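Undergrad: Keeping their order, the protein sequence lines are chains A and B. Take the first sequence: its letter number 296 is residue 296 in this note's numbering, and every next letter is one higher. Take the second sequence: its letter number 115 is residue 433 in this note's numbering, and every next letter is one higher.
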Amino acid sequence: MSGADEIGKTEVTGATGATGATDGALAVVRAGALTTVQDRGRPGHAHLGVPRSGALDPYAHALVNRLVGNPPDAAALETTLDGCALRPDRAVTVAVGGAPCPVTVDGRPAPWGAAVRVAAGALLTVGAAVRGLRSYVAVAGGVAAEPVLGSRSADLLSGLGPAPLTNGTVLPLGPARGPVPPAGPVPWPGPPEELVLRVRPGPRDDWFTDGALRTLATARYRVAAASNRIGLRTEGPPLERAVPGELPSEGMVLGAVQVPPDGCPVVFLADHPTTGGYPVIAVAEARDLAAAAQAVPGTPVRFVPLGPAARRPPAHPG
Amino acid sequence: MTGATRRERAAVSGGSGTPPAADPVARPVVRPVGAHGLLVELGSGERTQALHAELLRRRADGRLPGVTEIVPAARTVLLDGVADPDALAAELPGWEIGPLRTREEPVVEIPVRYDGPDLAEVAEVWGVAPEEVGPIHADREFRVAFCGFAPGFGYLTGLPERYAVSRRTTPRTSVPAGSVALAGAYTGVYPRPSPGGWRLIGTTDLALWDAAREPAALLAPGVRVRFVPEARR
């Protein structure tokens, strides 16, 4: 393949892989428990039954991209709990962030949360998360998997986008944009000791008893092990319904706190179904969901209802 | 359907009080969904489709700033990304919503062989011979009321309520792609192999979903659909 230090290639223009151009490849030596390609997802297609998908911890995803000089919408890797190992066939700059974890290059310790140079053929290992759940691995140039509806994100509910990585998967890389920008120490929010989700009641809070609303606001829940990219499941006191029966399926949003028949709230994350028939008692603030993505099973969860007058964050941050 | 149209207008522009949402002539009920979402609940499927069409018109005219998603369902339309949800929630119940002008929508023709494994069961429920199911089903225009379940899976209305069938008590673990199926009064076409409990009445070779095609989904909400019986092979 191309030489080791051609970062400033003259033909390189614009956003990562926008023209389908690739430059080099990344071999997956160890895929880990669940490692997927993620960018900012494909919102705007819910009316077709297409989930939004995208990185569960969008702040960590954007930060690792920035550390290697990628635009914020470049595709990176999202690991789950036990990391992964990767071997590029050209020299690359990478950054590992999100859940803190040991990073090595050919067995030598390398920094976490900073740009790291990996020579052609060297082995980058992303270790098990020391705290938190999901680490992010950005490679300068981005992962140039085939986009679907404008996104390279793996959607585990409907199977759109690149399949979860397996040992031996080879991912195409996009051409790097230029020199890696200098970055000083960057702030990383730690994974939560306690997950606090601010919620706005509705749209179906009237399907629950007053007692259920009090329980939601005051009880201690815990993150259940069955949580995944579709939803954060919780264990705790069940929420009692005032209205029995079924709801005709209706549209669902990111952060919806849906209550299935067992009464334990499920918080919808990026791969959530676009419609659902269980009532949504409240909706968690989108800005709190990155912490939900890093909350390991057993983490205490508190739901904090916001009043109707609570200030709204901007509709389209960034 | 002029009667329904008149009721439609009366429902959204006149009247007083706040009757329950189940009332088919009630004003739309607008519920908050998080910081930037609204769920609009209507009394009937027809009114839901009319509001959905109105919302698409308003968005196309630039009158729904910020809105990123407009998701119709059976009795609701969800809006997300609304710049000022309080203002829209206050204003929307007073909207004059025109009748559903279906002639403006594109038509998708789906060639179908009425050879599904549940044809005999459906015929029994309908009280007709199995070979009559296809002609009855194909003899009408359908409309995609909403999507869900899987990318490109549309819930098609158009079959009268008297032809409604229940779902299978035990869903199939795998329904082949292209299966034309019934549940309630809805018709659906499985865009890809998946588990499913709908009653299978036919098969199409048309790819309802192709991520590499523009549009990826042939059956978007509002699209009109005709089933065109293929000669038996």
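In this text, a Cβ means the ideal position worked out from N, Cα and C, and glycines have one as well. These numbers were taken from a predicted model, which means no experiment stands behind them.
Mind the definition here: the region 97 to 106 of chain A touches the region 43 to 53 of chain A only if three or more C-beta pairs lie below 8 Å; say whether that holds.
TA: no
Undergrad: Which whole-angstrom value is the C-beta distance of Ala-456 (chain B) and Pro-448 (chain B), which I expect to be below 8 Å?
TA: Contact flag wrong, Cβ pair sits at about 14 Å.
Undergrad: In angstroms, rounded to a whole number, what distance separates the CA positions of Met-252 (chain A) and Pro-273 (chain A)?
TA: 7 Å
Undergrad: Using CA coordinates, which residue listed in B:Gly-363, B:Leu-356, B:Val-347, B:Ala-353 is at the minimum distance from Pro-248 (chain A)?
TA: B:Gly-363
Undergrad: Output yes if chain B places a C-beta closer than 8 Å to the C-beta of Thr-274 (chain A); else output no.
TA: yes
Undergrad: The beta strand (DSSP E) spanning Glu-78 (chain A) covers which residue range?
TA: 76 to 78 is the extent of the beta strand (DSSP E) around Glu-78 (chain A).
Undergrad: Out of A:Ala-95, A:Gly-277, A:Leu-86, A:Ala-295, state which residue places its alpha-carbon closest to the alpha-carbon of Leu-197 (chain A).
TA: A:Ala-295
Undergrad: Count the other CB atoms, across all protein chains shown, that sit within 10 Å of the CB of Gly-184 (chain A); report buried if there are 16 or more and exposed otherwise.
TA: Answer is exposed; the Cβ neighbour count stays below 16.
Undergrad: Taking beta-carbon pairs under 8 Å, can you tell me which members of the region 80 to 107 of chain A lie near chain B?
TA: none
Undergrad: Hey, how far is the Cα of Leu-239 (chain A) from the Cα of Pro-411 (chain B)?
TA: Inter-residue distance for Leu-239 (chain A) and Pro-411 (chain B) is about 31 Å (C-alpha atoms, whole angstroms).
Undergrad: Which residues bound the beta strand (DSSP E) around Gln-38 (chain A)?
TA: Taken as a continuous stretch (DSSP letters only), the beta strand (DSSP E) holding Gln-38 (chain A) covers 36 to 38.
Undergrad: Since Ala-353 (chain B) contacts Arg-200 (chain A) with CB under 8 Å, what's their CB separation in whole angstroms?
TA: 6 Å
Undergrad: Report yes or no: is there a C-beta of chain B within less than 8 Å of the C-beta of Ala-46 (chain A)?
TA: yes
Undergrad: Would Val-389 (chain B) count as contacting chain A if we go by Cβ distances under 8 Å?
TA: yes
Undergrad: For Glu-250 (chain A), return the contacting residues in chain B, with the cut-off set at a CB-CB distance below 7 Å.
TA: Neighbours of Glu-250 (chain A) on chain B, chain order: Leu-357, Ala-391, Thr-394, Leu-396.
Undergrad: Please state whether DSSP places Val-64 (chain A) in a helix, a strand or coil.
TA: helix
Undergrad: Should Ala-463 (chain B) be flagged as near chain A, meaning a C-beta pair shorter than 8 Å?
TA: Not closer than 8 Å to any Cβ of chain A, the Cβ of Ala-463 (chain B) fails to qualify, so no.
Undergrad: Just grab the DSSP bridge partners of Phe-460 (chain B) for me.
TA: DSSP output for Phe-460 (chain B) lists B:Val-543 as bridge partner(s).
Undergrad: The ligand ZN and Glu-193 (chain A): does any heavy atom of the ligand fall closer than 7 Å to the residue's C-beta?
TA: This structure lacks the ligand ZN, and indeed carries no ligand of any kind.
Undergrad: Using a beta-carbon distance below 8 Å, is Val-351 (chain B) in contact with chain A?
TA: yes
Undergrad: Pull out every residue of the region 274 to 308 of chain A whose Cβ sits closer than 7 Å to any Cβ of chain B, in chain order.
TA: Thr-274, Thr-275, Val-283, Glu-285
Undergrad: From the DSSP secondary-structure annotation, give me the bridge partner or partners of Thr-125 (chain A).
TA: DSSP lists A:Ala-85, A:Thr-104 as partners of Thr-125 (chain A).
Undergrad: Alpha carbon to alpha carbon, how far is Thr-521 (chain B) from Val-507 (chain B)? Give it in angstroms, no decimals.
TA: 8 Å
Undergrad: The beta strand (DSSP E) spanning Pro-513 (chain B) covers which residue range?
TA: For Pro-513 (chain B), the enclosing beta strand (DSSP E) begins and ends at 512 to 514.
Undergrad: Helix, strand or coil: how does DSSP classify Ile-454 (chain B) here?
TA: helix
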